[in-house]
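Add 13 to the 1-based position in the sequence shown for the working numbering, that's all there is to it.
Notes follow the structure.
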Amino acid sequence: MDKSLVEICANLVTAQARSMRLEPEAMASSVSQIYQTLQELHQREEGNVRTIDQPENSIQRNHVICLECGKAFTLLSNRHLALHGLTPRTYKQKHGLRMTQPLSAHTLSARRRKMARELKMGKQLAEWRASRKEEAS
Numbered sequence: 014m015d016k017s018l019v020e021i022c023a024n025l026v027t028a029q030a031r032s033m034r035l036e037p038e039a040m041a042s043s044v045s046q047i048y049q050t051l052q053e054l055h056q057r058e059e060g061n062v063r064t065i066d067q068p069e070n071s072i073q074r075n076h077v078i079c080l081e082c083g084k085a086f087t088l089l090s091n092r093h094l095a096l097h098g099l100t101p102r103t104y105k106q107k108h109g110l111r112m113t114q115p116l117s118a119h120t121l122s123a124r125r126r127k128m129a130r131e132l133k134m135g136k137q138l139a140e141w142r143a144s145r146k147e148e149a150s
């Protein structure tokens with residue numbers, strides 16, 4: 014894809030040079046700035062590939078950034094982690110995340126938490142555990 018970005022950049026600078034006179038230094042600067050802008054736009058469009066300095070910062074409000082490939086998702090699924098040869102547990106250990114940390118965006122976690130409360134899933138789980146404990150006794 015970089016080749017097409019270079020071609021696009023060349024076409025833009027050529028069009029700019031046709032419409033106004035550019036000094037060699039200005040043309041070189043223009044090529045550099047246009048190419049950098051095109052790269053940034055391409056990265057945003059192609060899946061939000063990013064790098065993260067702190068593993069905790071990879072889990073954000075609307076997406077989670079995979080620390081292996083740099084792509085953004087709303088949820089790091091078992092299937093995606095398996096593509097990297099990892100399980101959720103090994104992923105968390107490798108990158109120093111808490112074992113209780115969900116690998117989903119904050120908004121998705123909040124939505125799931127709200128739905129679980131509305132469906133009284135905590136109460137149902139407690140009742141199920143109590144019944145299992147009675148059966149075992």
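A virtual CB, placed ideally from N, CA and C, is assigned to each residue, including glycine.
Remember, predicted model here, so these are calculated numbers, not experimental data.
Rounded separation between residue i and residue j - CA only
| i | j | result |
| --- | --- | --- |
| THR103 | GLU20 | 42 Å |
| ARG111 | THR100 | 14 Å |
| TRP141 | LEU88 | 28 Å |
| ARG75 | CYS22 | Before going on, a small fix: residue 75 reads as Asn here, not Arg. When rounded, the distance between both Cα atoms is 32 Å. |
| SER150 | LEU138 | 18 Å |
| ASN91 | LYS133 | 26 Å |
| MET33 | LEU25 | 12 Å |
| LEU96 | GLU147 | 42 Å |
Spatial neighbours of residue i in its chain, beta-carbon cut-off 7 Å, leaving aside the 5 residues before and after
| i | result |
| --- | --- |
| LYS136 | none |
| THR120 | ARG74, ASN75 |
| SER71 | ILE65, VAL77, ILE78, LEU80 |
Contacts around residue i, its chain only, beta-carbon distance under 8 Å, and the 5 residues preceding and following it disregarded
| i | result |
| --- | --- |
| GLY109 | PRO68 |
Residue i classed as buried or exposed, judged by whether at least 16 other C-beta atoms fall within 10 angstroms
| i | result |
| --- | --- |
| ALA30 | exposed |
| ALA41 | exposed |
| ALA143 | exposed |
| ALA28 | exposed |
| ALA118 | buried |
Neighbourhood of residue i by C-beta, 6 Å cutoff - its chain only, sequence neighbours within 5 removed
| i | result |
| --- | --- |
| GLN46 | none |
| ARG130 | none |
C-beta neighbour in chain D for residue i, strict 9 Å
| i | result |
| --- | --- |
| LEU89 | Absence of chain D from the displayed structure is noted, only one protein chain being present. |
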